[in-house]
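>
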Amino acid sequence: MSTDTWKTALDIGSVIARVIGAVIDLAKRAMAGDDQAEARLRRVDAILTPTSPTEEAFQRAEDAAAAKPPR
Amino acid sequence: MRRIAPFLALMLLACDPTPDDAQRALSSGAEVVQELDEALAPLVSQGAQRCDAETTTREDHLECLEPWTPVRYGVRLARAAAFVGQRAVDTWRLGAGPGWAAFLPIGACVVHGVTLIVSAIRGLGLEVELADAVEWLDGVGAIAASLCDPAAIEAAEGAVR
Chain A
-4 MSTDTWKTAL DIGSVIARVI GAVIDLAKRA MAGDDQAEAR LRRVDAILTP
46 TSPTEEAFQR AEDAAAAKPP R
Chain B
58 MRRIAPFLAL MLLACDPTPD DAQRALSSGA EVVQELDEAL APLVSQGAQR
108 CDAETTTRED HLECLEPWTP VRYGVRLARA AAFVGQRAVD TWRLGAGPGW
158 AAFLPIGACV VHGVTLIVSA IRGLGLEVEL ADAVEWLDGV GAIAASLCDP
208 AAIEAAEGAV R
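These protein sequences, in sequence, are chains A and B. The numbering used here applies: residue -4 is where the first sequence begins, and numbers increase by one. The numbering used here applies: residue 58 is where the second sequence begins, and numbers increase by one.
#1: Using the beta-carbon of each residue, which ones in chain A are nearer than 8 angstroms to Val132(B)?
#2: Can you give me the start and stop residues for the alpha helix (DSSP H) that Thr75(B) sits inside?
#3: Answer with yes or no whether the minimum CB distance from Leu226(B) to chain A is below 7 angstroms.
#4: Between Val191(B) and Arg136(B), is the Cβ-Cβ spacing less than 7 angstroms?
#5: Check the Cβ of Val18(A) against every Cβ in chain B and list those closer than 8 angstroms, keeping chain order.
#6: Among Ala4(A), Pro48(A), Thr(-2)(A), which has the Cα closest to the Cα of Gly156(B)?
#7: Along the chain, where does the alpha helix (DSSP H) that runs through Leu134(B) open and close?
#8: Which residues in chain B sit within 9 angstroms of Ala59(A), going by Cβ to Cβ distance?
#9: Helix, strand or coil for Val21(A)? Go by DSSP, reduced to three states.
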């Protein structure tokens, strides 16, 4: 890999490390009873795991199928 | 998808768009995907309820749901790509990452996901308003054209014909 590519990879790694560090910090504060930190953590969770109404409908359908006996 | 492929290829090679350009394109696509997702959910639930009522075994139930699978995959692909595309734009804004070169294939996945959803909706004959999605798909080519040199686009289109 070229120097530029390595630099880019390190830049991305540095951003990811900062984000993870911030999330861990939020989690620590939330566990210590900081309501604001907990609210922020929930927001991060909502961003990272967005829900899809269609996917939820499919999951309910699959659960209903799983509850039936095999053929 | 084939129609816009040369535009996308040319954008990668010849254009110098900004994160704002990418954000505009992504936001419009994400909005279309969200609307389709919300419109499809109740229809999937209705279809699933019919399957539930008409079948007595697990296998028959899953078989009954099978025609809906393209809808599910289209929504998954488009949503996941829109999500990752947003992170790519965010990273780009921070001055890190390969910028447009990273965003481009992800953006193409959003386009492909919407194409899949539209095709699945038509295949199932569902009553879902598609005008916005179709307009967006058509507009992707126009967005690409507005970012690039029209003469170069024409040449690229000629090259792939």
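No residue lacks a Cβ here, since even glycine has one placed at the ideal position from N, Cα and C.
Straight from the coordinates:
#1: The contacting residues are Ser47, Thr49, Glu50.
#2: Annotation for Thr75(B): no alpha helix (DSSP H) segment contains it, and DSSP assigns it neither H nor E.
#3: In the structure displayed, chain B extends from 58 to 218; residue 226(B) sits before or after that span and is not available.
#4: For the pair Val191(B) and Arg136(B), the CB atoms are not nearer than the 7 angstroms cut-off.
#5: By Cβ distance, chain B contributes nothing, its closest Cβ being about 14 angstroms from Val18(A), past 8 angstroms.
#6: Checked all of Ala4(A), Pro48(A), Thr(-2)(A); the closest Cα to Gly156(B) is Ala4(A).
#7: Residues 126 to 150.
#8: Within chain B, the residues near Ala59(A) are Ala105, Gln106, Cys108, Asp109, His118.
#9: It is Leu, not Val, that sits at residue 21(A) in the sequence shown. DSSP, reduced to helix, strand and coil, places Leu21(A) within a helical segment of the structure shown.
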